[in-house]
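Protein chains in written order, with the UniProt record's numbering: chain R, 1 to 329; chain G, 1 to 82.
Cβ coordinates follow ideal geometry from the N, Cα and C atoms, glycine included.
Quick caveat: nothing in here was measured; it's all calculated off a predicted structure.
So, in structure tokens, the structure goes:
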């Protein structure tokens, strides 16, 4: 993988932009800029020199030119150069608001990573090394490091959750397109609220971690996987399956969040200039981590319980607790 | 509870308005939250109270003009569409 001039940098926040992106092939093969000239050359011989577009030139020296009409070929070249200009302008405008390079880092995944990450989300108890690995001062892409957060799994899981919610509502004969949209926007708004609260608390406690907004969105979005698992359990096995799946995914997700954020939030103490910080600081950071973890089961229950409402749904917890108590009398 | 994006925007506007109406000398200084009452050494991480005061002050400074615009727009929209 030798792409010295195509490397996109995704630099973390406290680490400044040190060197220009040369010799940094860790993201993925960027074929966009090499593909563009190729697609323009599709109709011409390979020997054609793709310098500046030359309208009016009768065509290349090759004999098997598809367009015998020089005007058509000139018009096609002009159109492709216009399209390239439009593409550049759109990219410039977009990159003013959202850092596209940073966003590309989160979608550089492959199926091996997705498999391992899903397994990790559902069963994180045997994973040893939770440290995000770095490669010359930039975090490794999710493709090379299973601990790196990504945005592919949360977005796919969100869409799958919406589809599952529609199916579950249809089973209960409560489906309508408005309810589906409401379900989707409720889930999205809760994630936004959680990310805003996390950002606010990290700012107020001056935690100098390299957690960017996208990282927080990624870690918040992993709960959709737990929600999908819970809803599936509820649909397939009724109330028993629902509560069992809820308990399992809550514990797994809480463990995952605590272990992942512990590295980022609590261990950033070593970056503080003054070693003698107040003793309240580590406690407050611990509270943040634990509160984030404890919020996950609550929100999973809140967003999925109305989808799995069966006849014995409300009676199930009562029966499991009250009947053993009454038997003992 | 069905939360929509519209509800989120309404909440954000209301909260920002609430922070923006806190008057500096009539209210914040009286309760010890004024800008001249921040105690903190340089080179030390500010404590939580200083961060809150900085946040309030910066929100009031930065969001004053945009809030005028956003409030006017929302008043017009609410008058038109109820």
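Below-9 Å beta-carbon distance, residue i vs any chain R residue
i	result
residue 8 (chain G)	yes
residue 55 (chain G)	yes
residue 13 (chain G)	no
residue 3 (chain G)	yes
residue 48 (chain G)	yes
residue 52 (chain G)	yes
residue 72 (chain G)	no
Minimum Cβ-Cβ distance from residue i to chain G less than 9 Å
i	result
residue 239 (chain R)	no
residue 230 (chain R)	no
residue 206 (chain R)	yes
residue 220 (chain R)	no
residue 326 (chain R)	no
residue 188 (chain R)	yes
residue 185 (chain R)	yes
residue 224 (chain R)	no
residue 193 (chain R)	yes
residue 43 (chain R)	Confidence in residue 43 (chain R) is poor, its pLDDT being 46 and thus under 50, which makes the residue's placement unreliable; the coordinate value appears in the next sentence. No, no contact with chain G.
residue 182 (chain R)	yes
residue 203 (chain R)	yes
residue 284 (chain R)	yes
residue 309 (chain R)	no
residue 9 (chain R)	Since pLDDT at residue 9 (chain R) reaches only 43, below the 50 mark, its modelled position is unreliable, and no value is offered.
Under 9 Å between C-beta atoms of residue i and residue j
i	j	result
residue 226 (chain R)	residue 250 (chain R)	yes
residue 211 (chain R)	residue 265 (chain R)	yes
residue 233 (chain R)	residue 222 (chain R)	no
residue 144 (chain R)	residue 135 (chain R)	yes
residue 184 (chain R)	residue 231 (chain R)	no
residue 142 (chain R)	residue 133 (chain R)	no
residue 160 (chain R)	residue 228 (chain R)	yes
residue 67 (chain G)	residue 7 (chain G)	no
residue 202 (chain R)	residue 308 (chain R)	no
residue 186 (chain R)	residue 14 (chain G)	no
residue 246 (chain R)	residue 297 (chain R)	yes
residue 153 (chain R)	residue 114 (chain R)	yes
residue 106 (chain R)	residue 164 (chain R)	no
residue 146 (chain R)	residue 116 (chain R)	yes
residue 198 (chain R)	residue 288 (chain R)	yes
residue 56 (chain G)	residue 22 (chain G)	yes
residue 149 (chain R)	residue 88 (chain R)	no
residue 32 (chain G)	residue 25 (chain G)	no
Neighbour-count burial assignment, residue i, 16 or more Cβ in a 10 Å radius
i	result
residue 194 (chain R)	buried
residue 53 (chain G)	buried
residue 111 (chain R)	exposed
residue 282 (chain R)	exposed
residue 123 (chain R)	exposed
residue 60 (chain G)	buried
residue 173 (chain R)	exposed
residue 219 (chain R)	buried
residue 11 (chain G)	exposed
residue 81 (chain G)	exposed
residue 348 (chain R)	This structure leaves residue 348 (chain R) out entirely; chain R is present only between 1 and 329.
residue 304 (chain R)	buried
residue 37 (chain R)	Because residue 37 (chain R) sits at a pLDDT of 45, beneath the cut-off of 50, its placement in the model cannot be relied upon, and the following sentence gives the value as read from the coordinates. So residue 37 (chain R) ends up on the exposed side.
residue 326 (chain R)	exposed
residue 74 (chain G)	exposed
residue 108 (chain R)	buried
residue 83 (chain R)	exposed
residue 207 (chain R)	buried
residue 76 (chain G)	exposed
Whole-angstrom C-beta distance between residue j and residue i, which should lie under 8 Å
i	j	result
residue 205 (chain R)	residue 285 (chain R)	7 Å
residue 263 (chain R)	residue 130 (chain R)	6 Å
residue 293 (chain R)	residue 258 (chain R)	5 Å
residue 120 (chain R)	residue 256 (chain R)	7 Å
residue 166 (chain R)	residue 180 (chain R)	5 Å
residue 157 (chain R)	residue 97 (chain R)	About 25 Å separates the two Cβ atoms, so there is no contact after all.
Residue i beta carbon near the ligand MN (any heavy atom closer than 8 Å)
i	result
residue 247 (chain R)	As presented, the structure is devoid of all ligands, the ligand MN included, so that no description of it is given.
If you scan the segment 118 to 204 of chain R from start to end, which runs of the beta strand (DSSP E) of 3 or more residues do you find wholly inside it?
none
What are the start and end residues of each continuous alpha helix (DSSP H) run of 4 or more residues lying completely inside the segment 209 to 272 of chain R, in chain order?
213 to 221 and 223 to 265
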